[in-house]
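A quick write-up on the structure given underneath.
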Amino acid sequence: SMFLKDLLAKPRPLKPLHEAKRGFYFRGQRDPQGLREKVKSALDMADVPGFFEYNPTWNAPTPANSLIAQRYEAEMTIWTYSLCPAGWGQATQRFLEAVLLNRVPVVIGDGLLFGDSYIPQELRMGASATVEQLTRWFKWICRTSPVNNLYARKIENYFEDPTAYFLSWMGRRGIIEWT
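Each number in the numbering used here comes from the position in the sequence shown (counting from 1) with 263 added on.
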């Protein structure tokens with residue numbers, strides 16, 4: 264997205280998590296698998312604080328300085344947790360946007376590249392989870408302490424040398440020989 268590209272080019276001052284509302288944020292389109300609808304239903308059933316809204320259009324190509332992108336950033340930084348359900352593909356750019364804005368990404372999906380390396384297990388769940396499982400999980404997350412500064416602790420080394428990180432990831436899985 265143009266917004267993610269702008270976040271990487273011009274990092275924002277990090278807003279502390281303790282100043283955010285304890286709750287979940289999502290703004291995006293519906294997905295063809297119905298995962299995001301399942302997430303919305305679970306949030307409603309969990310009766311936890313947050314903001315969840317569908318966009319009528321795909322906004323990734325929207326310029327970073329547009330009102331749409333500015334609103335997205337302002338809304339995301341209000342909340343502690345950013346929901347990152349898979350969309351049309353296996354992964355979502357929302358994960359990186361959340362981390363770069365010092366929000367805690369909550370990943371719902373199965374095929375996130377590198378996800379097993381830097382997403383704490385308690386903050387990810389597979390797309391096959393039921394609404395009831397998601398409901399219990401969202402309630403549990405709201406009661407626990409957020410993971411502070413995930414970017415500095417887990418992801419910074421990826422951005423320092425993405426090629427080396429990717430090769431190392433492939434090596435750990437036995438796809439290539441890498442030391």
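Virtual Cβ for every residue (Gly too), placed ideally from N, Cα, C. Computed from a predicted model, the values in this text were never measured in an experiment.
{"Asked": "Secondary structure of THR343, DSSP reduced to three states", "Found": "strand"}
{"Asked": "Strand pairing of MET433, partner residues [DSSP]", "Found": "The partner list for MET433 (beta bridge, DSSP) is empty, contrary to what the question assumes."}
{"Asked": "ASN328, buried or exposed, once every other Cβ within 10 Å from all chains shown has been counted against 16", "Found": "exposed"}
{"Asked": "Cα-Cα separation between GLY378 and LEU330, rounded to whole angstroms", "Found": "Note that GLY378 scores a pLDDT of 48, beneath 50, so its modelled location is shaky and nothing firm can be said."}
{"Asked": "Residues near LYS312 by beta carbon distance below 7 Å, same chain, minus five either side", "Found": "Contrary to the premise, residue 312 reads as Pro rather than Lys in this sequence. Excluding positions up to five away in sequence, the list reads LYS284, ARG285 and GLY286."}
{"Asked": "Alpha helix (DSSP H) segments (min. 4 residues) lying fully within the region 300 to 347", "Found": "330 to 339"}
{"Asked": "Backbone secondary structure at PHE377 - three-state DSSP", "Found": "Low per-residue confidence applies at PHE377: pLDDT is 47, beneath 50, and the placement is therefore not dependable, though the value from the model is reported in the following sentence. Reduced to three states, the DSSP call for PHE377 is coil."}
{"Asked": "One or two residues paired with LYS284 in a DSSP bridge", "Found": "TRP342"}
{"Asked": "Where ASP310 falls, given that 16 or more other Cβ within 10 Å makes a residue buried", "Found": "exposed"}
{"Asked": "Extent of the continuous alpha helix (DSSP H) to which ILE404 belongs", "Found": "394 to 406"}
{"Asked": "ALA305 versus GLU336 - alpha carbon distance", "Found": "24 Å"}
{"Asked": "Endpoints, the alpha helix (DSSP H) within which GLU440 is located", "Found": "Counting along the chain, GLU440 falls outside any alpha helix (DSSP H), and DSSP gives it neither H nor E."}
{"Asked": "With 16 other Cβ atoms within 10 Å as the buried cut-off, status of LEU271", "Found": "exposed"}
{"Asked": "Nearest to PRO348 (by Cα), restricted to the options ILE439, ILE438, THR393 and VAL370", "Found": "VAL370"}
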